[in-house]
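Trainee: Have a look at this one before I ask anything.
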Ligand code: ADP
Ligand code: MG
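In the working numbering, the protein residues as written are 391 to 614.
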């Protein structure tokens, strides 16, 4: 298993009330698999992805990366582990508008100081972004294009896992299909593990396994 979680609990306090969002979640993904986490809005998909992506800490339970138990208190090691192994694609692209397309893709390399311009260009072409866009500011792109740039950015450090939170919810159906084919293509070429959250059945069907998150409980189904 490349990424697993056992008995994850997470709740949020607001005022006097406390909402239990994840109630004893168990999750496993094998290297090179593509899995979907389905659930309605507010079911806790983002909360779970943030924990699986080592961006947030569970209240209790453990996360394992390549069999290694994650120590959430060691923030420095956590950041290193994340930067070296996990690529994120968020729902709202989270590109920096003022930077060029190429600079956005290079951002994660600034942390370790290995600036891979040629590789960034190669990835952009791979995700279907032509050279004429490389030096344009990212706000000039369409939603679908921004999401593809975000994928190129997520790939720049050759992560073992790509975690993507509702990547298709702000793009049209045609672009959503293209994006899913692209993720599948990348998964097949690089053996990248892909974890996708979605509220769409159609999107989930592109994946090998679908998990369902409802009322804090996660169940799964093999799609083969
Ligand atoms: P989804 O991504 O499936 O829409 P979320 O994980 O964003 O669901 O949210 C699940 C629940 O947790 C919601 O009720 C949301 O309001 C709550 N929640 C998420 N993040 C926070 C937070 N940082 N503080 C307080 N409540 C939160
Ligand atoms: Mg969400």
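Cβ coordinates follow ideal geometry from the N, Cα and C atoms, glycine included.
Since this is a predicted model, take the numbers as computed values, not measurements.
Name the residue from 492, 556 and 469 whose alpha carbon lies nearest to the alpha carbon of residue 428.
Mentor: Nearest option by C-alpha distance: 556.
Trainee: Are the beta-carbon atoms of residue 485 and residue 540 separated by less than 9 Å?
Mentor: Going by C-beta atoms, residue 485 is nearer than 9 Å to residue 540.
Trainee: For the alpha helix (DSSP H) that contains residue 534, what are its first and last residues?
Mentor: That run of the alpha helix (DSSP H) goes 533 to 545.
Trainee: Thinking C-alpha only, which one of 563, 392, 599 and 526 is nearest residue 488?
Mentor: Minimum Cα distance to residue 488 is reached at 526.
Trainee: If you reduce the DSSP assignment to three classes, tell me which class residue 486 lands in.
Mentor: Note: residue 486 maps to coil in three-state DSSP.
Trainee: Assuming residue 570 contacts residue 553 under a Cβ cut-off of 8 Å, what Cβ separation, rounded to an integer in Å, is found between them?
Mentor: That belief does not hold up - the Cβ atoms of residue 570 and residue 553 are roughly 15 Å apart, past 8 Å.
Trainee: Cutting at 8 Å between CB atoms, please list the residues of its own chain near residue 550, excluding the five before and the five after it.
Mentor: Hits under 8 Å: 392, 421, 456, 475, 476, 582 and 583.
Trainee: Output the distance between the C-alpha atoms of residue 575 and residue 424, rounded to the nearest integer angstrom.
Mentor: So the two alpha carbons sit approximately 11 Å from each other.
Trainee: Quick test of the definition: if touching needs 3 or more C-beta pairs under 8 Å, does the segment 408 to 415 touch the segment 428 to 446?
Mentor: Judged by Cβ distances under 8 Å, the segment 408 to 415 makes contact with the segment 428 to 446, as three or more pairs qualify.
Trainee: Just how far apart, CA to CA, sit residue 508 and residue 493?
Mentor: Answer to the nearest angstrom: the Cα atoms are 12 Å apart.
Trainee: DSSP state of residue 358, grouped into three classes?
Mentor: As displayed, the chain neither begins before 391 nor continues past 614, which places residue 358 out of reach and without an answer.
Trainee: List the DSSP bridge partners of residue 408.
Mentor: Partner(s): 403.
Trainee: Do you know whose CA, among 568, 426, 454 and 491, lies nearest residue 397's CA?
Mentor: Comparing Cα-Cα distances from residue 397 to each of 568, 426, 454 and 491, the minimum goes to 454.
Trainee: Which of the three DSSP states is assigned to residue 493 in this structure?
Mentor: Looking at residue 493 - three-state DSSP - the assignment turns out to be helix.
Trainee: Starting from the C-beta of residue 513, find all residues in its chain whose C-beta is less than 7 Å away, skip the five residues before and the five after it, and write them out in chain order.
Mentor: Excluding sequence neighbours, residue 513 sits near 495, 542, 545 and 546.
Trainee: Under three-state DSSP, which class holds residue 572?
Mentor: Here residue 572 sits in helix by DSSP.
Trainee: If you compare alpha carbons, which of 471, 605, 600 and 604 is closest to residue 612?
Mentor: Nearest of 471, 605, 600 and 604 to residue 612, Cα basis: 600.
Trainee: Is residue 450 helix, strand or coil when you go by DSSP?
Mentor: Residue 450: strand per DSSP, three-state reduction.
Trainee: Check whether the Cβ of residue 596 sits closer than 8 Å to any heavy atom of the ligand ADP, and report yes or no.
Mentor: No, since every heavy atom of the ligand ADP falls outside the 8 Å radius drawn around the Cβ of residue 596.
Trainee: Ordered along the chain, which non-local residues of its own chain (more than five positions away) have a Cβ less than 7 Å from that of residue 606?
Mentor: Closer than 7 Å at the Cβ level, and outside the excluded window around residue 606, lie 410, 411, 412, 413 and 434.
Trainee: By DSSP, does residue 555 sit in helix, in strand, or in coil?
Mentor: Reduced to three states, the DSSP call for residue 555 is strand.
Trainee: DSSP on residue 459, reduced to helix/strand/coil?
Mentor: The answer is strand: DSSP assigns residue 459 an E or B state.
Trainee: So, at 8 Å on beta carbons, what are the nonlocal neighbours of residue 460 in its own chain, with the 5 sequence-adjacent residues on each side left out?
Mentor: So the list reads 444, 452, 453, 454, 468 and 471, once near-sequence residues are dropped.
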